[in-house]
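Single-structure report; data block below.
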């Protein structure tokens, strides 16, 4: 969003958001209430990350730390967005809500929910098929954004189980 506001050239043509943190003010009682018992990224772990990244609590509510608080006119300047969420992730509700916010602001948004995946989905591409699918999907979206094509068969992800 900051690049769009700064009118940088060339302007961003798209953005890929994978399991994004959208609300840095969220807690187990607020934004994570429905997903607080998911594995891997727990409220305790996420709060620890937040406090490391934002030593001043008031910074968590700034829209550049929590894009969900951006004014509508700022959201509207976002480029076409591909947003991937893991179904079993602490951050899934805020990711889906942000996709809706962007759509409401007139941004073209494609949302993909990776069924059964946890927040660790990207680091497991050599282990789980759903993780490989996410990597290949992201590559295909990038290729499309640059007017190209992507062939997953030409870029195999090797299994770590062999």
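In UniProt numbering, the protein residues as written are 1 to 162.
Backbone N, C-alpha and C define an ideal beta-carbon position, used for all residues, glycine too.
Just so we're clear, the structure is a prediction, and the values are computed from it rather than from any experiment.
Query - Nearest neighbour of residue 118, chosen from 6, 28, 37 [CA to CA] - result: Considering only alpha carbons, the answer is 37.
**Report entry** Residue interval of the alpha helix (DSSP H) (run including residue 126)
**Finding:** It is not in any alpha helix (DSSP H) - residue 126 carries neither H nor E in the DSSP assignment.
Report task. Classify residue 151 as buried or exposed, calling it buried when 16 or more other Cβ atoms lie within 10 Å of its own Cβ. Result -> Residue 151 comes out exposed.
Query raised in the report: Can the beta-carbon of residue 163 be found less than 8 Å from the beta-carbon of residue 86?
Result: Residue 163 lies beyond the stretch modelled for the chain, which goes from 1 to 162, so this question has no answer here.
**Report entry** Beta-bridge pairing of residue 15 - partner residues as DSSP gives them
**Finding:** Answer by DSSP bridge pairing, in chain order: 81.
**Report entry** Pair within 8 Å by beta-carbon distance, residue 81 and residue 121
**Finding:** Cβ distance not < 8 Å, so residue 81 and residue 121 don't count as in contact.
Report task. Flag this pair as yes or no: are the beta carbons of residue 135 and residue 125 separated by less than 8 Å? Result -> Cβ distance < 8 Å, so residue 135 and residue 125 count as in contact.
**Report entry** Contact under 8 Å by Cβ, residue 12 with residue 4
**Finding:** Yes. Within cutoff.
Query raised in the report: Between the beta-carbon of residue 166 and the beta-carbon of residue 35, is there less than 8 Å?
Result: Beyond the ends of the chain as shown, which are 1 and 162, falls residue 166; an answer cannot be given.
Query raised in the report: When you compare each of 129, 15, 107 to residue 143 by their alpha carbons, which one comes out closest?
Result: Residue 143 has its Cα closest to that of 15, out of 129, 15, 107.
Query raised in the report: Just to confirm, are residue 96 and residue 41 a CB contact at a threshold of 8 Å?
Result: In this structure, residue 41 does not lie closer than 8 Å to residue 96 by Cβ.
Requested in this report: For the alpha helix (DSSP H) holding residue 28, just list the boundary residues, first then last.
Outcome: For residue 28, there is no enclosing alpha helix (DSSP H), as DSSP marks it with neither H nor E.
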